[in-house]
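Chemist:
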Amino acid sequence: MLQLHFIRDNKEFVIERLGIKNFNATELVEEIIRLDNDRRSTQKNLDDNLATSNQLSKEIGNLFKEGKKDQAEEVRKASTELKSLVKELELSLNQIEKTLNEKLIELPNLPHESVKAGKSDTDNEIVYEEGTLPELAAEALPHWELASKYDIIDFDLGSKVTGAGFPFYKGKGARLQRALINFFLDEALKNDYIEYQPPLLINEDSGFGTGQLPDKEGQMYYVGEDNLYLIPTAEVPITNIYRNVILKEDQLPVKNVAFSNCFRREAGSYGKDVRGLNRLHQFDKVEIVQISTPEKSYEILEEMKAHVADLLRKLELPFRILRLCGGDVSFASALTYDFEVYSAAQKRWLEVSSVSNFENFQANRMKLRYKSKEGKTTLAHTLNGSALALPRIVAAMLENNQTEKGIIIPELLRSYTSYEIIDT
RNA sequence: GGAGAGAUGGCAGAGCGGUUUAAUGCGGCGGUCUUGAAAACCGUUGUCCUUCACGGGACCGGGGGUUCGAAUCCCUCUCUCUCCGCCA
């Protein structure tokens, strides 16, 4: 959520920058400013009347104490009249605030100055590439076939027990999941992140805080009986720890890491995008979250980017980093880097991580602030990134590392898997 | 799931219809004293809206109500604690 005073002071700028996200904000911004003017004058009016009313009430108290009942009675009448006016103003203020808020949350975050205009993911800019693309034999298999060949992931069994997109991992496949999770967590701990295990269900307020609600409601699994949502990412519970919190500046940056299962309904997905592990309803992910001062947040974004790159390097996977264009940056993000790993058998790049700076957009929604050494309270900046999501890493690893003998486990992962090869 | 108790400022804890602009203690910050520190003493101490400013307003778990006036009374929701039941 953008800050009202910022919108007021930078109207043209806001409209122009949101244009980069292909969002026409002209009317919405006008309406927001109009509603805010309305809110201010109504508030002023209400406050003045309340001030009078408070004064009268005090007077009544004093008059009673002095035993001047007749006079007290008179003032009371005046006060009663005032009260109906106050009530009216309160109602209209509430209504205005509600509408204003509804409009305000419709505005996306402004893209960072480095974000270029663009329509879709085809306009994303490759900012970095590393590793050599593997040359596979002609008979190389895609990961879903490797998975059944070595009996390590069972998609059919998942369909039977739950439905499509809920695979079973089995034997060395299950062990590989556990190995990757531990590897990712340990690497984060080496970089001074604090480990959390969050709840997998969250309430409405938390969904609102990070921006999943109200607009992305259909993407989350919902437990109606208890009014709870299954988390689509650990970002939600981990960031919401700080909802309505004022941190001290010396607590920043906050560096948290969490492993969690993630649940996404992925309504509307189809075709090759959902084959095998490419897109699941339930998957595992290690997420890093940082909270920082506005001054440091872009420096930290680079640090997080380097952390993710290091993980892929250690797993010996060829990867590239994209800076998302305006059309592809999410609603809440100011700047997002996507990491893609090359999947040799599918001959395509798979998105395995997304690292974003939300600046104060989430912080404003959830009232996450910090107090500076001078005692000034300011909205903090929030950032997060996958480090990493498992399924596509597994997909690429199976495909790229396949040999006649089996699938070779990258060296740095072997102490976690306790095996070096997946064979029959 | 059943019964009961409770939720007050960073923490502890009073207040249970009108000098509460929330007592008091601890903690924090500033100062006096001191070579320095401690102790003692003095002062100060939250969040939000509005205003150029002075000022005004809101906030005692959330929401609603009664009243001229609510931390205080009523309703409701949430959470915490104790006991019982169930249970990994």
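If you want the working numbering, it's the 1-based position in the first sequence plus 148. All C-beta atoms, glycine included, are put in the ideal place defined by N, C-alpha and C.
For V489 and S240, I'd like the C-alpha separation in whole angstroms.
Modeler: For V489 and S240, the distance between alpha carbons rounds to 54 Å.
Chemist: Please report the residue range of the alpha helix (DSSP H) in which S504 lies.
Modeler: Per DSSP, S504 belongs to no alpha helix (DSSP H); it is in the beta strand (DSSP E), R496 to N505.
Chemist: What separation, rounded to the nearest whole angstrom, lies between the Cα atoms of W497 and T310?
Modeler: Computed Cα separation, rounded: 29 Å.
Chemist: Would you call the stretch 401 to 414 in contact with the stretch 342 to 350, where contact means no fewer than 3 C-beta pairs closer than 8 Å?
Modeler: With the cut-off at 8 Å, the stretch 401 to 414 and the stretch 342 to 350 touch.
Chemist: Can you check which of these residues, K217, Q510, S534 and T190, is closest to F356 by C-alpha distance?
Modeler: The residue with the shortest Cα to Cα distance from F356 is Q510.
Chemist: DSSP on K213, reduced to helix/strand/coil?
Modeler: Note: K213 maps to helix in three-state DSSP.
Chemist: Which residues in the same chain have their Cβ closer than 6 Å to the Cβ of K169, if we skip the five residues on either side of it in sequence?
Modeler: Taken in chain order, the residues that qualify are P256, P259 and G474.
Chemist: Going by DSSP, name the residue or residues bridged to N409.
Modeler: D432, per the DSSP bridge assignment.
Chemist: What does the alpha-carbon distance come out to for the pair N249 and A288?
Modeler: If you take the alpha carbons of N249 and A288, they lie about 54 Å apart.
Chemist: Measure the beta-carbon distance from P346 to F431 and round it to whole angstroms, keeping in mind my assumption that it falls under 8 Å.
Modeler: Wrong, their Cβ atoms sit about 16 Å apart, outside the cutoff.
Chemist: Restricting to runs no shorter than 4 residues, where is the alpha helix (DSSP H) found entirely within the stretch 299 to 361?
Modeler: You should have 303 to 309, 320 to 338 and 352 to 358.
Chemist: Helix, strand or coil: which one does DSSP assign to V223?
Modeler: Residue state, collapsed to three classes: helix.
Chemist: Rounded to whole angstroms, what's the CA-CA distance from K267 to I274? Just pull it up for me.
Modeler: Roughly 16 Å separates the two Cα atoms.
Chemist: Which value, in whole angstroms, describes the spacing of the CA atoms of I569 and K297?
Modeler: Whole-angstrom Cα-Cα distance: 14 Å.
Chemist: Which of the three DSSP states, helix, strand or coil, is assigned to T387?
Modeler: Helix.
Chemist: Within its chain, find whatever has a CB closer than 6 Å to the CB of Q494; leave out the 5 residues flanking it on each side and keep chain order.
Modeler: Excluding positions up to five away in sequence, the list reads P290.
Chemist: To which residues does DSSP link H529 through a beta bridge?
Modeler: Answer is S440, bridged to H529.
Chemist: Report, in whole angstroms, the separation of the C-beta atoms of E397 and K519, which I expect to be a contact under 8 Å.
Modeler: At roughly 6 Å, the Cβ-Cβ gap stays under 8 Å, so E397 and K519 are in contact.
Chemist: Specify whether the stretch 369 to 376 and the stretch 300 to 316 touch according to this definition: at least 3 beta carbon pairs, one from each stretch, less than 8 Å apart.
Modeler: No contact exists between the stretch 369 to 376 and the stretch 300 to 316.
Chemist: Which residue's Cα is closest to the Cα of V434: T228, R427, P442 and V503?
Modeler: Out of T228, R427, P442 and V503, V503 has the C-alpha closest to the C-alpha of V434.
Chemist: Which residue marks the beginning of the alpha helix (DSSP H) containing L395, and which one marks its end?
Modeler: From DSSP, L395 is part of no alpha helix (DSSP H) but of the beta strand (DSSP E) over I394 to K396.
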